[in-house]
Amino acid sequence: MSINFLQKYETLRKSVPIPAVRITQLEDCKMVDYTHFSKHCYHTFTVMASEHATYSTLSVGKHLLDCDLAIFSEFCYECCQVTNCYNSTYLADCINCQDCHFCANCNNCQNCFGCVSLSNKQYCFFNKQLDKDAYEKELVQAQKLSASQNQAKMQAIFTATPQPQSRQHNNVNCPYGDYLNNSQNIYWGFNTFYSENSGYLFDCGTVRNGWDMTFSGGGGSETGDLTAITDEFVYEMVGGASNYNCSFGTYLNHCNSCFYCFGCKNCSDCFGCVGLSNKKYCILNNQLNKEQYEKAVLEIKKELGWPLKH
Numbered sequence: 021m022s023i024n025f026l027q028k029y030e031t032l033r034k035s036v037p038i039p040a041v042r043i044t045q046l047e048d049c050k051m052v053d054y055t056h057f058s059k060h061c062y063h064t065f066t067v068m069a070s071e072h073a074t075y076s077t078l079s080v081g082k083h084l085l086d087c088d089l090a091i092f093s094e095f096c097y098e099c100c101q102v103t104n105c106y107n108s109t110y111l112a113d114c115i116n117c118q119d120c121h122f123c124a125n126c127n128n129c130q131n132c133f134g135c136v137s138l139s140n141k142q143y144c145f146f147n148k149q150l151d152k153d154a155y156e157k158e159l160v161q162a163q164k165l166s167a168s169q170n171q172a173k174m175q176a177i178f179t180a181t182p183q184p185q186s187r188q189h190n191n192v193n194c195p196y197g198d199y200l201n202n203s204q205n206i207y208w209g210f211n212t213f214y215s216e217n218s219g220y221l222f223d224c225g226t227v228r229n230g231w232d233m234t235f236s237g238g239g240g241s242e243t244g245d246l247t248a249i250t251d252e253f254v255y256e257m258v259g260g261a262s263n264y265n266c267s268f269g270t271y272l273n274h275c276n277s278c279f280y281c282f283g284c285k286n287c288s289d290c291f292g293c294v295g296l297s298n299k300k301y302c303i304l305n306n307q308l309n310k311e312q313y314e315k316a317v318l319e320i321k322k323e324l325g326w327p328l329k330h
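Its first residue numbered 21, the sequence shown is counted upward by one per residue in my numbering.
Structural data, given as structure tokens:
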């Protein structure tokens with residue numbers, strides 16, 4: 021019966037050793053987890069295709085320190101929820117900004133300090149437009165203050181400035197969600213980028229036709245194309261990337277048509293498996309031939325109450 025299968029799967033999951041950390045193709049990286057295709061990183065978590073990142077999470081970039089969700093950004097410090105930002109510090113919810121500091125919700129700005137909700141601006145100091153010389157003089161004085169003092173001045177402007185109900189950039193038909201970028205037809209997506217025709221996504225990227233997912237996608241770090249779709253027709257997935265037609269999986273990578281699997285890599289047509297690599301037609305880690313596999317899977321799906329085609 022279905023309860024038997026699920027019990028066997030849980031027993032198997034608890035009995036198979038799993039890696040202490042989830043890492044792939046690293047060079048000189050220490051104290052990291054969920055870090056992939058990166059170099060010279062320290063204390064990073066859920067970081068991909070990055071170099072010289074330290075104390076950062078959910079990021080893709082170079083020379084990042086104390087950053088969270090810094091995507092395609094470089095030389096950033098204490099930045100949160102930023103995309104395509106360069107040589108900047110203490111930013112929040114900013115896109116395409118360069119040489120900006122203590123700014124929030126700014127887009128396509130350069131050489132701005134302490135600004136809130138500005139777009140396409142340069143040489144602004146606490147939301148006041150200055151010329152280059154005046155800005156540089158004010159910048160010298162601001163640098164004499166502590167970070168907390170500058171942050172407090174910016175926060176006063178932030179509190180007095182209306183903020184958007186959700187932060188989205190370059191999206192099409194994404195009515196619900198927050199921190200969505202370069203996506204289309206997303207329903208309830210959060211911290212999600214370059215995805216389409218999906219819903220209930222959290223911390224996901226490059227997903228198409230995926231539902232109920234977290235910490236998934238973003239497999240393009242292997243090829244260098246971080247915007248290409250890598251995960252498609254996926255449902256109820258946690259962790260992993262580059263999967264196709266998979267459901268109820270955890271930490272799967274490069275898997276095809278795998279269901280109820282945990283920690284598998286480069287597998288196809290597997291059901292209820294744990295910790296396998298380069299396998300096909302396996303159920304509960306037992307090797308079957310194609311005919312045996314298809315017959316057994318059909319019976320398990322019936323027991324689990326799957327809607328089946330007649």
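By construction, the Cβ of each residue, glycine as well, lies at the ideal position given by its N, Cα and C atoms.
These numbers come from a predicted model, not from an experiment.
Just curious, the beta strand (DSSP E) that residue i is in, first and last residue?
i: Phe-210; result: 204-213
i: Ala-40; result: That residue, Ala-40, is in no beta strand (DSSP E); it is neither H nor E in DSSP.
i: Gln-130; result: 130-133
i: Thr-201; result: Checking the displayed sequence, the identity of residue 201 turns out to be Asn instead of Thr. Looking at the DSSP string, the run of the beta strand (DSSP E) that includes Asn-201 is 196-201.
i: Met-68; result: 62-68
i: Glu-15; result: Residue 15 lies beyond the residue range present for the chain, which begins at 21 and ends at 330; the question has no answer from this structure.
i: Val-102; result: 100-103
i: Asn-107; result: 106-115
i: Ser-93; result: 88-97
i: Lys-300; result: 300-303
From the DSSP secondary-structure annotation, give me the bridge partner or partners of residue i.
i: Gly-269; result: Met-257
i: Phe-282; result: Thr-270 and Val-294
i: Val-227; result: Asp-251
Please work out which residues of its chain come closer than 8 Å, Cβ to Cβ, to residue i, disregarding the five sequence neighbours upstream and downstream, and give them in chain order.
i: Phe-210; result: Gly-197, Asp-198, Tyr-199, Leu-200, Leu-221, Phe-222 and Asp-223
i: Tyr-301; result: Asp-289, Cys-290, Gln-307, Leu-308, Asn-309, Lys-310, Gln-312 and Tyr-313
i: Thr-74; result: Cys-61, Tyr-62, His-63, Thr-64, Leu-84, Leu-85 and Asp-86
i: Met-21; result: Confidence at Met-21 is low in this model, with a pLDDT of 42, below 50, so its placement is unreliable and the value that follows should be read with caution. Contacts found: Glu-323.
i: Pro-327; result: none
i: Lys-285; result: Leu-272, Asn-273, His-274, Cys-275, Leu-296, Ser-297 and Asn-298
With a threshold of 6 Å on Cβ separation, who are the neighbours of residue i within its own chain once the five nearest residues in sequence on each side are excluded?
i: Tyr-271; result: Gly-259, Gly-260 and Gly-283
i: Val-41; result: Asp-53
i: Met-257; result: Met-233, Ser-236 and Gly-269
i: Phe-25; result: Ile-320
i: Asn-263; result: Asp-251, Val-254, Leu-272 and Cys-275
i: Lys-50; result: Tyr-62
Just to check my reading of the structure: residue i and residue j have Cβ atoms closer than 8 Å, yes? What is that Cβ distance to the nearest angstrom?
i: Thr-64; j: Val-52; result: 5 Å
i: Asn-147; j: Ile-177; result: 6 Å
i: Asn-298; j: Cys-281; result: Contact doesn't hold; Cβ gap of about 13 Å is too wide.
i: Arg-187; j: Asp-232; result: No, Arg-187 and Asp-232 are not in contact; Cβ-Cβ is about 22 Å, not under 8 Å.
i: Thr-247; j: Gly-237; result: Going by Cβ atoms, the distance from Thr-247 to Gly-237 rounds to 11 Å, so no, they are not a contact pair.
Considering only residues of the same chain and omitting the five flanking positions on each side of residue i, which have a CB-CB separation below 7 Å?
i: Val-36; result: Val-294 and Gly-295
i: Asn-305; result: Leu-32, Cys-293, Val-294 and Leu-296
i: Asn-265; result: Phe-253, Asn-276 and Ser-277
i: Asn-217; result: Asn-205, Arg-228 and Asn-229
i: Leu-167; result: Contrary to the premise, residue 167 reads as Ala rather than Leu in this sequence. If we look at Ala-167 and ignore the five residues flanking it on each side, its Cβ neighbours are Tyr-110.
i: Lys-71; result: Reading off the sequence shown, one finds Glu at residue 71, where the question assumed Lys. Result list for Glu-71: Ser-58, Lys-59, His-60 and Lys-82, in chain order.
i: Ala-69; result: Phe-57, Ser-58, Val-80, Ser-241 and Leu-246
From what residue to what residue does the alpha helix (DSSP H) around residue i run?
i: Leu-159; result: 152-162
i: Thr-55; result: First-last for Thr-55: 53-59, but that is the beta strand (DSSP E), not the alpha helix (DSSP H).
i: Lys-310; result: 310-324
When the Cβ atoms of the segment 29-48 are set against those of the segment 291-298, are three or more pairs found closer than 8 Å?
-> Touching, yes.
How do the segment 141-156 and the segment 97-105 stand: do at least 3 beta-carbon pairs fall below 8 Å, yes or no?
-> Result no; under three Cβ-Cβ pairs closer than 8 Å.
Cβ pair count under 8 Å reaching 3, the segment 107-127 against the segment 162-176 = Judged by Cβ distances under 8 Å, the segment 107-127 makes contact with the segment 162-176, as three or more pairs qualify.
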